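Chemist: Questions regarding the structure given below will be posed in turn.
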């Protein structure tokens with residue numbers, strides 16, 4: 018009843034959802050947090066206030082994003098995209114990615130205002146996907 | 018609008034929810050997966066088929082469980098319990114913990130049957146909590 022999810026289904030799930038759980042490791046200790054993202058069909062884009070988790074990912078860029086769709090305890094699908102943390106610093110790309118994030122999350126105005134004031138505490142980054150695994154469980 | 022969650026609220030959230038995301042690190046790479054748990058007011062109890070993640074946690078017992086309650090993108094609470102992976106091998110304790118898990122998840126019969134047949138591929142473990150952190154975001 019638990020079976021691997023095919024690549025296409027896994028990518029479709031990444032495209033359909035809008036938040037997941039970002040995982041990173043700091044000194045061998047895992048850290049997991051909920052985060053909004055968008056998926057451009059290739060990589061995953063996120064943004065965050067600078068802080069502990071950004072420092073952790075700069076130090077160890079191996080990260081993952083887990084995304085799931087849980088109907089109930091026995092009917093769910095879960096995908097993990099593993100890859101590398103990469104900061105988007107090039108101004109044009111950063112603006113384009115923020116626009117895409119804001120398009121999906123139109124209420125992020127406070128962040129947008131801070132961005133447009135040029136404050137640097139908002140970090141835009143991608144998870145450059147190296148591999149994707151997925152599983153699903155279905156009972157009827 | 019984003020603020021730390023007090024210890025009591027954090028523990029209350031752990032007690033109220035029944036599944037979270039387990040994080041572990043294997044060779045510096047994070048792994049995150051959805052998992053059912055129960056919280057006895059002190060530690061977190063889970064079970065899993067033996068496999069990659071069990072091997073990873075045996076190797077590096079620093080793990081975490083992230084639990085959240087998301088109303089929408091701007092109203093959510095999230096808790097992370099950090100601690101150590103400990104397998105429950107003592108038969109009586111293992112039976113008691115499985116009973117508690119089954120009480121909360123009465124449909125886990127197939128697992129229970131496998132357990133009662135003495136098959137050893139089901140691992141019961143606790144996350145012995147060392148520290149808990151939590152944040153909440155509220156907009157009106």
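Chains as they are written, first to last, in our numbering: chain A, 18 to 157; chain B, 18 to 157. Where a beta carbon is used, it is the ideal one built from N, C-alpha and C, also for glycine. Keep in mind it's a predicted model, so treat the numbers as computed, not measured.
#1: Can at least three beta-carbon pairs, one atom from the stretch 107–122 of chain B and one from the stretch 48–61 of chain B, be found at a separation below 8 Å?
#2: Counting only C-beta atoms, is residue 56 of chain A closer than 8 Å to chain B at any point?
#3: With DSSP as the reference, label residue 47 of chain B as helix, strand or coil.
#4: Would you kindly report the start and end of the unbroken beta strand (DSSP E) that includes residue 78 of chain A?
#5: Have a look at A:141, A:42, A:153, A:106 and flag the residue whose alpha-carbon is nearest the alpha-carbon of residue 81 of chain A.
#6: Name, in chain order, the residues that DSSP records as bridge partners for residue 143 of chain A.
#7: Could you check what DSSP says for residue 68 of chain A in three-state terms: helix, strand or coil?
#8: For a contact meaning CB atoms closer than 9 Å, what does residue 108 of chain B contact in chain A?
#9: Report yes or no: do the stretch 58–78 of chain B and the stretch 138–150 of chain B share at least 3 C-beta pairs separated by less than 8 Å?
#10: Taking 8 Å as the CB-CB cut-off, is residue 50 of chain B touching chain A?
#11: Kindly identify the DSSP beta-bridge partner or partners of residue 95 of chain A.
#12: Out of A:149, A:96, A:110, which has the shortest C-alpha to C-alpha gap to residue 34 of chain A?
#13: My output table needs one value for residue 23 of chain A: the three-state DSSP class, helix, strand or coil.
#14: With DSSP run on the structure shown, which of helix, strand or coil describes residue 38 of chain B?
#15: Confirm, please, whether the CB-CB distance from residue 77 of chain A to residue 151 of chain B is below 8 Å.
#16: Quick one: give me the first and last residue of the alpha helix (DSSP H) that residue 115 of chain B is part of.
#17: Do you know whose CA, among B:21, B:49, B:155, B:47, lies nearest residue 93 of chain B's CA?
#18: According to the neighbour-count rule (16 or more other Cβ atoms, all chains shown, within 10 Å of its Cβ), is residue 148 of chain B buried or exposed?
#19: Going straight from the alpha carbon of residue 25 of chain A to that of residue 85 of chain A, what length do you get?
#20: For residue 46 of chain B, would you say it is in contact with chain C, using Cβ-to-Cβ distances shorter than 8 Å as the test?
Modeler: The answer reads as follows:
#1: yes
#2: no
#3: In the three-state DSSP reduction, residue 47 of chain B falls in the strand class (E or B).
#4: Note, residue 78 of chain A: premise wrong, no beta strand (DSSP E); not H, not E.
#5: A:42
#6: A:62, A:103
#7: Note: residue 68 of chain A maps to coil in three-state DSSP.
#8: Chain A residues near residue 108 of chain B: none, gap ~26 Å exceeds 9 Å.
#9: yes
#10: yes
#11: A:85, A:152
#12: A:96
#13: coil
#14: Note: residue 38 of chain B maps to strand in three-state DSSP.
#15: no
#16: 108–121
#17: B:155
#18: exposed
#19: 15 Å
#20: Among the protein chains in the structure shown, which are A and B, there is no chain C.
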